[in-house]
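J.: With this note's numbering as the guide, the letters of the sequence shown map in order to residues 11 to 624. Heads up, the beta-carbon is just placed ideally off N, CA and C, and yes, glycines get one too.
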Amino acid sequence: MASYKTPGVYVEEIPKLPQSVADVPTAIPGFVGYTEFASSNSDISVPDLLNKPKKIGSLLEFERFFGKAPQLTLSDDGELNHRFVTYDSIRLFYDNGGGVCYIVSIGDYKTQNKDITPEAFKTGLKKLEDIDEVTLLAMPDATTCLDASQLASVQQAALLQCKTLKDRFAILDVKEDFSKENADDSIQTFRDGIGTEGLEYGAAYYPYVSTAYTYTGFDFSSIVRLVMEEKYKKSKNVYDTDKLFELFKNDTPSCLVFLRAWDPERVQAYVTAKTNDQLKPCYSPDNINYELVEKIWESKNSVKDYGIDLKDKNKFYDDKYQNLSSTNSEELKAYILAQLLPSETYDGLDDVKKKEKAGHFLKKKVVEDLVKAEIDKKDSAYLPSYLLKINPTDKDQRVKEEALKPFIPFYGEYEKTLAAKASIVPPSGAIAGVYAQNDNFTGVWKAPANMSIASVKGVSRLINNQVQDGMNVHSTGKSVNAIRAFSGKGILVWGARTLKGNDNEWRYIPVRRLFNYVEESVQESTEWAVFSPNTQNTWTKIKCQIENFLTNIWRAGGLAGATPDQAFYVNCGLNVTMDVQDILEGRLIVEIGMAAVRPAEFIILRFSHKLQES
């Protein structure tokens, strides 16, 4: 009570309304997977964020701390190495309405050369236990990096964490077996491995989705090797040399790329296998001193400074070139480079023809003139300087590769095929974004279903009603939610069941997530009562606080009932929820009951004939 000593009028405010319950976030996922790097510093070689949860709010932040997608490479048998999908999953998350999320990088992409174990993912999951803000768990990389049994152990660990903490929900992917003709095998494998613990705290989704992103960062040389082998290969490790050398004779750009993509020793073997003396020197990879070429090209000194006496080469020679600086004449550069190339008969050629002949051999070996379609052969050197970089930058390399693609047989078709394969990713990242969008616009009590998925153009396997029957309702109760393509509607999430699909209490995702939301919100907002007097006054405050919170949820449509009394109840008091012993031992017990709304999963329209009355 206030102490009054000086005479006067004093104002006191008497609080009548209880403290409010603050909403907790409902759609903040924690992603566990592999990234390009994991660093908060400009020096990305320092992985200070490895196995450390990092909160981000945009794709740009992700790229800043964790990099971008990995380089897409091909195995020796032509299969796409596409195991690391965290980056694309994050893109889908934000494209579908996601906001804040946590990233746990458990390694960089170089790990693809190492064994990837379930323990790495379990360690990442463990790091998320201490982050109270996380409400969803997603591990798309586990789906693509691990086999079915290993994946099952990681998914079990995620469900167990959700059950233990009771504040989060796991979004699980069903691993697709593309070798199977139908979905039954993949789904059955998932059900056999997922176990029985914490099923009400997770939901599974199937099949994979095909993103609408552009995939162009393929390993150029690998594709070239494969497409060339596809056209010229007779059998395993046996090639049609006649076709190959016909390609060489025609001087098509394909042969140039072919030589670059293949191992030099392998090329040399094919070259020497033919008795064509004219072709041998032209395509032998050992006939050019690239180091000397580079020195001459970049030097400001005279040709003589490099000990090159053109007269000794016994090729075409003109006194006017002998003392010229390499920087004074583009023509000289082409001329000099010709001296380093394999010999051929130049007798009777004028200077223009000599220069053209030099460029002819140069483009066979260096392939730099293919960057541009046209080069003025009259007024400038046959090969401009920027086309003659021995060690091109990544940008230069990409430009050259783009220029070469139209000339390589089957390249475009092969690249489209690989791009289609690279676009297929597990759906958990997109589903996490759908959850966030659903919660923001409606509420956690609304089922995250019958919602379109943005930045997705298709699914890896088409699902019809007959297939989904076995996915949605199954004797095991382990329901799998379908992602389906509908004509005129796009790609929709078509299911809202937890993995405990036969349980009347926890069958539906929004019911489980609503309870998670209320439990976490009430728990955090009633901490003020800890160590407060365990008396009627405290009980009344807590009861009113929770009732106001639940009333707001009911008004928003989150609870069923025509009145608040029908929608929920809150009980707290002596001989109601507590006895004398509870009070003596310091326990304040509040009992809350909610009539959660359930989705209308099956809309049944009954029609019949109405008989004519007159």
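Residues in its own chain within less than 8 Å of Tyr-635 by CB, not counting five upstream and five downstream?
T.: There is simply no residue 635 to check, as the chain begins at 11 and stops at 624 in what is shown.
J.: Measuring CB to CB, does Ser-99 end up less than 8 Å from Asn-91?
T.: No, these two residues do not count as a Cβ contact at 8 Å.
J.: Less than 8 Å between the C-beta atoms of Ile-493 and Ala-506, yes or no?
T.: For Ile-493 and Ala-506, no; Cβs fall outside 8 Å.
J.: Whole angstroms are fine: how far does the CA of Ser-462 sit from the CA of Gly-443?
T.: Whole-angstrom Cα-Cα distance: 11 Å.
J.: With 16 other CB atoms within 10 Å as the buried threshold, where does Gly-107 fall?
T.: Gly-107 should be labelled buried.
J.: Would you verify that the beta carbon of Asn-106 is, or is not, closer than 8 Å to some beta carbon of chain B?
T.: Although the question refers to chain B, the structure presented lacks it and comprises just one protein chain.
J.: Mind reading off the beta-carbon distance from Gln-165 to Leu-182? Whole number of angstroms is fine, and I expect it under 8 Å.
T.: 5 Å between Cβ atoms; contact.
J.: Reducing DSSP to helix, strand and coil, say where Ser-163 ends up.
T.: Looking at Ser-163 - three-state DSSP - the assignment turns out to be helix.
J.: So what does DSSP say about Trp-272, is it helix, strand or coil?
T.: With a pLDDT of only 43 at Trp-272, under the threshold of 50, the placement of this residue in the model should not be trusted, and no figure is reported.
J.: Considering just the uninterrupted stretch of the alpha helix (DSSP H) at Lys-137, what are its terminal residues?
T.: Looking at the DSSP string, the run of the alpha helix (DSSP H) that includes Lys-137 is 128-137.
J.: Among residues of its own chain, excluding the 5 on either side of Leu-146, which ones have a beta-carbon nearer than 8 Å to its beta-carbon?
T.: These residues qualify, in order along the chain: Ala-37, Ile-38, Pro-39, Gly-40, Arg-178, Phe-179, Ala-180, Ile-181, Ala-442, Tyr-445.
J.: Quick check: the Cα distance between Ile-66 and Phe-496, rounded to an integer number of angstroms?
T.: Between Ile-66 and Phe-496, the C-alpha separation is close to 34 Å.
J.: Please name the residue in Val-234, Trp-549, Leu-70 whose C-alpha comes closest to that of Asn-582.
T.: The question names Asn, but residue 582 is Cys in the sequence shown. Nearest C-alpha to Cys-582: Trp-549.
J.: For the beta strand (DSSP E) holding Glu-537, just list the boundary residues, first then last.
T.: Neither: Glu-537 is in no beta strand (DSSP E) and is coded neither H nor E.
J.: If we ignore side chains and look at the alpha-carbon of each, how far apart do Val-381 and Phe-230 end up?
T.: At Val-381, the pLDDT of 31 sits below 50, so the modelled position is not reliable; the number obtained from the coordinates is stated separately. Distance between the alpha carbons of Val-381 and Phe-230 is about 15 Å.
J.: Any chance you could list the alpha helix (DSSP H) runs of at least 4 consecutive residues sitting entirely within the region 543-575, in chain order?
T.: With a minimum length of 4 residues, the continuous alpha helix (DSSP H) runs that stay inside the region 543-575 are 546-565.
J.: On the DSSP bridge list, what partners appear for Asp-118?
T.: The partner list for Asp-118 (beta bridge, DSSP) reads Thr-45.
J.: What residues in its chain sit with their C-beta under 6 Å from that of Ala-222, if we drop five residues either side in the sequence?
T.: Taken in chain order, the residues that qualify are Ser-465, Lys-467.
J.: What are the boundary residues of the alpha helix (DSSP H) that Phe-75 is part of?
T.: Element bounds for Phe-75: 69-76.
J.: Measuring only the C-alpha atoms, how far is Asn-448 from Asp-33?
T.: One C-alpha to the other measures close to 16 Å.
J.: Indicate the three-state DSSP secondary structure (helix, strand or coil) for Glu-601 in the structure shown.
T.: Here Glu-601 sits in strand by DSSP.
J.: Is it the case that the Cβ atoms of Gly-227 and Leu-82 are separated by a distance below 8 Å?
T.: In contact: Gly-227 and Leu-82 (Cβ atoms closer than 8 Å).
J.: Starting from Ile-197, follow the alpha helix (DSSP H) in both directions and report where the run begins and ends.
T.: From DSSP, the alpha helix (DSSP H) with Ile-197 extends over 194-203.
J.: Which first and last residues belong to the beta strand (DSSP E) in which Lys-65 is found?
T.: Note, Lys-65: beta strand (DSSP E), 64-66.
J.: Any idea which residues DSSP pairs Asn-491 with across the strands?
T.: DSSP output for Asn-491 lists Tyr-215 as bridge partner(s).
J.: Given that a residue counts as buried once 16 or more other Cβ atoms are within 10 Å of its Cβ, and exposed if not, what is Asp-151?
T.: Asp-151 comes out buried.
J.: Considering Asp-58, what are the terminal residues of the alpha helix (DSSP H) in which it resides?
T.: It is not in any alpha helix (DSSP H) - Asp-58 carries neither H nor E in the DSSP assignment.
J.: Return the first residue and the last residue of the beta strand (DSSP E) that Lys-467 is part of.
T.: It spans 466-469 - the beta strand (DSSP E) in which Lys-467 sits, taken as one unbroken run.
J.: Determine the direct distance from the alpha carbon of Tyr-97 to that of Ala-130, and round the result to whole angstroms.
T.: Cα to Cα, the separation comes out at about 18 Å.
J.: If we ignore side chains and look at the alpha-carbon of each, how far apart do Ala-539 and Leu-594 end up?
T.: Spanning the two alpha carbons is a distance of roughly 16 Å.
J.: Is it the case that the Cβ atoms of Asn-626 and Gly-596 are separated by a distance below 8 Å?
T.: Here the chain comprises residues numbered 11 to 624, so residue 626 is not present and cannot be evaluated.
J.: Should Ala-233 go down as buried or exposed, given a rule of 16 or more other Cβ atoms within 10 Å for buried?
T.: Strictly speaking, residue 233 in this sequence is Ile, with Ala absent from that position. Ile-233 should be labelled buried.
J.: Taking the CB atoms as reference points, tell me whether Phe-76 and Ser-50 lie closer together than 8 Å.
T.: Going by C-beta atoms, Phe-76 is not nearer than 8 Å to Ser-50.
J.: Can you tell which of Thr-508, Asn-512, Val-532 has the C-alpha that lies nearest to the C-alpha of Thr-486?
T.: Here the closest residue by C-alpha is Asn-512.
J.: Count the other CB atoms, across all protein chains shown, that sit within 10 Å of the CB of Gly-603; report buried if there are 16 or more and exposed otherwise.
T.: Gly-603 should be labelled exposed.
J.: Can you give me the start and stop residues for the beta strand (DSSP E) that Leu-146 sits inside?
T.: Start and end: 146-148.
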